[in-house]
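full-length UniProt numbering puts the last residue of the sequence shown at 172; the count rises by one with no breaks.
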Amino acid sequence: MATVNLSDYKPLHITNAEDFSIGIVFSEWNDFVTYNLRDAALEILEKEGVKPENIKLFPVPGAFELSYASMQLCKERKYDAVISIGCVIRGETPHFDYVCSAVAQGIKDCNIMTDTPTIFCVLTDDTKEQSIARSGGDLGNKGVAAAVTALRMIDFKKNLSDKKGNIGFGHS
1 MATVNLSDYK PLHITNAEDF SIGIVFSEWN DFVTYNLRDA ALEILEKEGV KPENIKLFPV
61 PGAFELSYAS MQLCKERKYD AVISIGCVIR GETPHFDYVC SAVAQGIKDC NIMTDTPTIF
121 CVLTDDTKEQ SIARSGGDLG NKGVAAAVTA LRMIDFKKNL SDKKGNIGFG HS
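In structure tokens form, the structure reads like this:
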């Protein structure tokens, strides 16, 4: 069980966030969770200065399709980061294990096979109640953490090419 509120974060103060381009792929399966995750991510990105017109939304049918869609966006090389949002809730068959493993591996592949940070925002919970708690309920919203992670990874990547070698927020 998570012990921190997933919505807690300190403002990042990243320079030039308004220029960032972010793709958000989200599953329509379990939309009572994924739409909350998506909306929280959008709110944080805009709060941190990313222009709404620089954030593109891409719905897919289910969590399994996140890997394909995310990889296609990464291959386009027009997004500074991709956030993959989904929710898989354990059922009575091993389907849960196969889907969760495939999605995690697929998102990992985006990160090691492309130059685009791809953020894993897929809830893999045992119950509907756990998913609700992590998508705006008692434990906050994992979409907030995903947006913050995307911004930090974009900043990290941009700072890698900084001739001064500075890694951290606010460097230009």
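Glycine residues also receive a C-beta, built at the ideal position from the N, C-alpha and C atoms. All figures in this text were calculated on a predicted structure; none of them were measured in a lab.
From residue i to residue j, what does the alpha carbon distance come to, in whole angstroms?
i, j, result
"D126", "E92", "10 Å"
"D138", "L45", "22 Å"
"S84", "G136", "17 Å"
"R134", "F26", "16 Å"
"F120", "A146", "7 Å"
"K10", "G143", "15 Å"
"L66", "E18", "26 Å"
"S101", "N111", "16 Å"
With respect to the alpha helix (DSSP H) encompassing residue i, which residues constitute its N-terminal and C-terminal limits?
i, result
"G49", "Per DSSP, G49 belongs to no alpha helix (DSSP H) and is neither H nor E."
"L66", "66-76"
"L160", "142-160"
"G106", "95-113"
Which first and last residues belong to the beta strand (DSSP E) in which residue i is found?
i, result
"F26", "22-27"
"A81", "81-89"
"I55", "55-60"
Specify the secondary structure class of residue i as computed by DSSP and reduced to three states.
i, result
"D125", "strand"
"T118", "strand"
"N30", "coil"
"L37", "helix"
Am I right that residue i and residue j are in contact with their C-beta atoms under 8 Å? What's the rounded C-beta distance?
i, j, result
"V33", "C87", "4 Å"
Please determine if the segment 74-86 and the segment 142-161 are in contact, where contact requires at least 3 C-beta pairs separated by less than 8 Å. yes
So, do the segment 98-115 and the segment 45-56 have three or more beta carbon pairs nearer to each other than 8 Å? no
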